[in-house]
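For the sequence shown, numbering that gives the first Met the number 0 assigns the number 0 to the initial residue and increments by one for each residue that follows.
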Amino acid sequence: MSLAFALLASAAQVATGSSTDTMDFSHSYVVWIATDRGRCTFFMTDVGEDADQLTETLRQNYNASAGIEILKDSHTPHRCVAKVQKAVKRAGFSMFRVRRGTDADRSPGIP
0 MSLAFALLAS AAQVATGSST DTMDFSHSYV VWIATDRGRC TFFMTDVGED ADQLTETLRQ
60 NYNASAGIEI LKDSHTPHRC VAKVQKAVKR AGFSMFRVRR GTDADRSPGI P
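Rendered as structure tokens:
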């Protein structure tokens with residue numbers, strides 16, 4: 000394992016507070032990351048939000064103890080991942096993970 004990979008893996012565990020390998024995300028919320036012309040947009044429903052709007056939506060309408068899966072694709076810029084991680088942390092979520100989403104993960108209405 001390269002040093003860079005080890006450091007990146009370590010940073011991911013610190014960002015979530017603990018290793019996500021043992022956490023149960025079966026009842027967690029899902030946030031999809033989309034980009035259009037370089038703009039990061041986040042979807043929990045069919046309404047796209049920026050990072051500040053997402054933070055407010057999560058604070059008002061969601062239970063932080065349930066956790067969040069942040070779903071991306073192979074073209075998602077790292078800056079968008081960083082923005083959504085910051086947004087969910089500001090909303091009080093400490094259990095989250097980032098992974099590549101699949102068609103099976105996609106709810107109707109999510110672009």
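Positions of the beta carbon are idealized from the N, C-alpha and C atoms, including for glycine.
- Message: Would the stretch 98–110 count as touching the stretch 52–63 if we require 3 or more Cβ pairs under 8 Å?
- Response: no
- For A75, count neighbouring C-beta atoms within 10 Å of its own C-beta (all shown protein chains included) and say buried if the count is 16 or more, exposed if not. Correcting the residue type first, residue 75 is Thr in the shown sequence and not Ala. Buried, since its Cβ has 16 or more Cβ neighbours within 10 Å.
- Item | Nearest-angstrom Cα separation, counted from C39 out to I109 | 14 Å
- Message: Need the endpoints of the beta strand (DSSP E) that A81 sits in, please.
- Response: Counting along the chain, A81 falls outside any beta strand (DSSP E), though it belongs to the alpha helix (DSSP H) covering 77–89.
- Message: Let's see if you can read the secondary structure: which residues bound the beta strand (DSSP E) around R113?
- Response: Here the chain has residues from 0 to 110 only, and residue 113 is not among them.
- Are V87 and I67 closer than 7 Å when you measure CB to CB? yes
- Just checking my contact of Q84 with I69 at CB under 8 Å: how many whole Å lie between their CB atoms? Correct: roughly 7 Å between the Cβ atoms.
- Message: Let me make sure I understand the geometry here. Which of T54, A33, S64 has the alpha-carbon closest to that of S27?
- Response: Closest option to S27, Cα to Cα, is S64.
- Query: Is R96 buried or exposed, if buried means 16 or more other CB atoms sit within 10 Å of its CB?
  - Reply: buried
- Got a sec, what are the start and stop residues for the beta strand (DSSP E) A33 sits in? 28–35
- In chain order, what residues of the same chain lie with their CB nearer than 8 Å to the CB of V80, ignoring the 5 residues before and after it? I32, I69, K71, V97
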